[in-house]
Amino acid sequence: MTILLISQAGPMVTVQDRGRKGLLHAGVSGSGPMDGPSMDLANALVGNGPDDAVLEFAGPGGVFEVTEPVRFAVTGGAVDIRIDGAAAFPWESHHLLPGQRLAIGAMRDAVWGYLAFSGGIGTPPVLGARATHLRSGLGGLDGRRLGANDRLLLGEAPAGPLLAFRRFWQRARGPIRVVPGPQDDYFDQATWRAFLDEPFIVSPSRDRMAQILDGPRLPAVGGHDIVSDGTVAGSIQVPASGRPIVLMAERQSTGGYPKIATVASVDLPRLAQTPSGRAIRFAAISQEEAEDLLIAGRRTLREAVAGIVEKPASADLSKEARR
Amino acid sequence: MPVTYPRIVACGDSALSIELSDEIDEDVNARVIALAADLAERPIDAVVETVPTYRSLLVLYDPSLRRAQALRLELEARLRAAVPGSRAARRFVVPVVYGGEAGLDLAELGDMKGLSADELVAIHAAGEYRVYMIGFAPGFAYLGGLPEILHTPRLATPRQRIEAGAIGIGGKQASINSVSGPSGWRFIGRTPLRLFDPSRSEPFLLSAGDHVRFRPIEPAEAAALDAASVAGKTVVEPEPV
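Chains as they are written, first to last, in our numbering: chain A, 77 to 399; chain B, 2 to 242.
Okay, structure coming up:
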């Protein structure tokens, strides 16, 4: 039995997996990762399956120890990783042995980091998933953020080689693409021009549920109250303040504000990973174009996973030399 | 903005919303629920899940299996064929302790309406309610059928924490809180029933389309029902409507 000991935890460390499926009709948010591809790649780098649970963190990750040898990998962005003080790279796997201290800093060019351990985090599934939903206190460890002295069971995992990417995985660049609607007709032409022509600043008012944007106000000529309807990840709702709110992984299942547009699924992780204070722009595309992007994005992710190879035996040595 | 209903609108690259109206209406809601039931009984491979709401059905789909363009045609055909009321309705009689600590707005609401607390309780408990949708939080029930005299705007500033089981009024709607959390609704009592308990084999008590009546109870009965709820027992059984 392998135990993960958390000696220190950053302010926002939670257990996540792909999230709850099929319970939106009962008001249960899917939850799951803010950046799905990064989580999938972290799992793949330690030989896990796509349904295994990982730790997601924003801000500093923390300090971790294990009771049995494991493989681990950190993804999401550039980040300082130390094994007993020795620097290690993200986006590839490493061994962590009993007695070693793994210290993980904060993402430098991104927001959300993913820390996968071979075997996956073994907290009991709740309503079909291990993903933590903080608002309703479901999943993960007692439905809450992790803290110092928490202990988590890791799943059984066979020993395996250390892995890395043959080619580096890269996020798309350019504007955040959106599909107009479902309440696009609540906004007039002038507002639509402002929405698509002017930049928005990623506000520090953000969490796993929602991302607020600062920029031109978006008044709804159709009014800012609708009869509540269903939401999706990426819904851009506009309350009476005119300040758009993008619903994220932990969103509520229904909402009563008009939704001017929906962020394309491939670009939502990119928005989640944009540091606060940065400017973004939106570009409108059709539903069909967004479907094409999603299908292509899934293919690229599959190719990235297929392109994972054993790290050359010398790789660790070269890092030793660099130290 | 003349809009004709029904219409099917895009919600990004993995969802469509079938809008039947832009108003709260029992017949519209019954058609939404019938369409959701039809899609559950005769699934379309690409449809991942559906979310029935007051007047629209959100359909989440996988574009790798079917594109929106093709899915729209199939959903339009289903919409024409769906018959409301094909599922037998059920009614839950929900025991409520009115007033007390959880009914923190009962006295003020009475003053606003010119009603005594007893009169207000009698009016609330005489209503026949219907679950229009479950949303916002796990198992949270939005109820229609609130008697008009009890319609009351929400608070300007939401309270930070309202307990699970609180019986609320928000505008024209009534509610039963399923989990504790912030709320701008007004509260007149509490039920010992748990609308949501993830440790139960049936975690959710209510579904969209269910009927609800409220039954005033005394604190002594509430204490017994609380104990049963904590033990994970089903405290009430539904009756046929």
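Glycine residues also receive a C-beta, built at the ideal position from the N, C-alpha and C atoms.
On a predicted model such as this, the values are computed, not experimentally measured, just so you know.
Taking the CB atoms as reference points, tell me whether residue i and residue j lie closer together than 8 Å.
i, j, result
"residue 331(A)", "residue 278(A)", "no"
"residue 16(B)", "residue 61(B)", "yes"
"residue 83(A)", "residue 327(A)", "no"
"residue 91(A)", "residue 250(A)", "no"
"residue 143(A)", "residue 114(A)", "no"
"residue 196(B)", "residue 177(B)", "yes"
"residue 188(B)", "residue 126(B)", "no"
"residue 53(B)", "residue 33(B)", "yes"
"residue 223(A)", "residue 18(B)", "no"
"residue 42(B)", "residue 100(A)", "no"
"residue 102(A)", "residue 135(A)", "no"
"residue 118(B)", "residue 107(B)", "yes"
"residue 98(B)", "residue 190(B)", "yes"
"residue 172(B)", "residue 146(B)", "no"
"residue 238(A)", "residue 387(A)", "yes"
"residue 342(A)", "residue 248(A)", "yes"
"residue 121(B)", "residue 105(B)", "no"
"residue 38(B)", "residue 58(B)", "no"
Please go through the same chain and pick out, in chain order, the residues whose beta-carbon is closer than 6 Å to the beta-carbon of residue i, but skip the five residues on each side of it.
i, result
"residue 149(A)", "118, 121, 122, 169, 192"
"residue 185(A)", "153, 154"
"residue 256(A)", "337, 360"
"residue 210(B)", "34"
"residue 290(A)", "277, 279"
"residue 5(B)", "none"
"residue 213(A)", "219"
"residue 67(B)", "47"
"residue 263(A)", "296, 336"
"residue 394(A)", "Note that residue 394(A) scores a pLDDT of 42, beneath 50, so its modelled location is shaky and nothing firm can be said."
"residue 59(A)", "The shown model of chain A, from 77 to 399, leaves out residue 59(A), and the question about it has no answer."
"residue 340(A)", "253, 366, 369"
"residue 293(A)", "318"
Quick check on the DSSP output: the alpha helix (DSSP H) that includes residue i runs from which residue to which?
i, result
"residue 280(A)", "Note, residue 280(A): premise wrong, no alpha helix (DSSP H); beta strand (DSSP E) at 276-282."
"residue 114(B)", "107-114"
"residue 115(A)", "112-121"
"residue 198(B)", "No alpha helix (DSSP H) contains residue 198(B), which DSSP labels as neither H nor E."
"residue 160(A)", "Segment: none, residue 160(A) is in no alpha helix (DSSP H) and carries neither H nor E."
"residue 230(B)", "220-231"
"residue 345(A)", "344-348"
"residue 122(B)", "118-127"
"residue 185(A)", "Per DSSP, residue 185(A) belongs to no alpha helix (DSSP H) and is neither H nor E."
Can you tell me which residues form a DSSP beta bridge with residue i?
i, result
"residue 191(A)", "131(A), 150(A)"
"residue 240(A)", "168(A), 385(A)"
"residue 241(B)", "91(B)"
"residue 363(A)", "None; residue 363(A) has no bridge partner."
"residue 338(A)", "255(A), 311(A)"
"residue 217(B)", "97(B)"
"residue 141(A)", "81(A)"
For residue i, which residues in the same chain have their Cβ closer than 7 Å to its Cβ, ignoring the five residues on either side in sequence?
i, result
"residue 301(A)", "332"
"residue 236(B)", "193, 194, 226, 229, 230"
"residue 112(A)", "345"
"residue 156(A)", "181"
"residue 383(A)", "241, 242, 243"
Span of the beta strand (DSSP E) holding residue i?
i, result
"residue 17(B)", "16-20"
"residue 203(A)", "Per DSSP, residue 203(A) belongs to no beta strand (DSSP E) and is neither H nor E."
"residue 92(A)", "88-92"
"residue 80(A)", "78-85"
"residue 229(A)", "227-230"
"residue 61(B)", "57-62"
"residue 323(A)", "321-323"
Does the beta-carbon of residue i, which I'm using as the reference point, lie nearer than 7 Å to any heavy atom of the ligand NAD?
i, result
"residue 225(B)", "By its list of ligands, the structure shown contains no ligand whatsoever, and the ligand NAD lies outside what it can speak to."
Take residue i and list the residues in its own chain whose beta-carbon comes closer than 8 Å to its own, dropping the five residues that flank it on each side.
i, result
"residue 160(A)", "176, 177"
"residue 199(A)", "91, 129, 206, 215, 216, 217, 228, 229"
"residue 9(B)", "17, 18, 19, 20, 73, 76, 77"
"residue 160(B)", "183, 184, 185"
"residue 200(B)", "233"
"residue 399(A)", "Bear in mind that a pLDDT of 35 at residue 399(A), under 50, signals an unreliable position, so the number given afterwards is only what the model happens to contain. Closer than 8 Å at the Cβ level, and outside the excluded window around residue 399(A), lie 162, 163."
"residue 397(A)", "Unreliable placement is indicated for residue 397(A), whose pLDDT of 39 sits below 50; the coordinate value is still reported in the next sentence. Excluding residues within five positions, none has a Cβ falling inside 8 Å."
- Message: Output needed in chain order: residues of the region 68-87 of chain B with a Cβ under 8 Å from some Cβ in chain A.
- Response: 68, 69, 70
- Task: Scan the region 132-151 of chain B for residues whose Cβ lies nearer than 8 Å to a Cβ of chain A and list them as they occur along the chain.
- Result: 134, 135, 136, 137, 138, 139, 140, 141, 143
- Query: Between the region 351-373 of chain A and chain B, which residues of the former have CB atoms less than 8 Å from a CB of the latter, in chain order?
  - Reply: 363, 364, 366, 367, 369, 370, 371
- Message: For the region 251-276 of chain A, list every residue whose C-beta sits within 9 Å of some C-beta in chain B, in sequence order.
- Response: Result list: 254, 255, 256, 257, 258, 259, 260, 261, 262.
- Note down, in chain order, all residues in the region 147-175 of chain A with a beta-carbon under 9 Å from any beta-carbon belonging to chain B. none
- Task: Report the residues of the region 24-47 of chain B with a CB closer than 8 Å to any CB of chain A, ordered along the chain.
- Result: Residues 24, 25, 37.
- Task: Determine which residues of the region 115-130 of chain B have a Cβ less than 7 Å from any Cβ of chain A, and write them out in chain order.
- Result: Look at the region 115-130 of chain B: it has no residue with a C-beta under 7 Å from a C-beta of chain A.
- Query: Can you list, in chain order, the residues of the region 90-103 of chain A whose Cβ is nearer than 9 Å to any Cβ on chain B?
  - Reply: 97, 98, 99, 100, 101, 102, 103
- Query: Any residues in the region 201-215 of chain A with a beta carbon nearer than 8 Å to a beta carbon of chain B? Which ones, in chain order?
  - Reply: The residues in question are 202, 203, 211, 212, 213, 214.
- Task: Report the residues of the region 288-312 of chain A with a CB closer than 9 Å to any CB of chain B, ordered along the chain.
- Result: 297, 298, 302, 303, 304, 305, 306, 307, 308, 309, 310, 311
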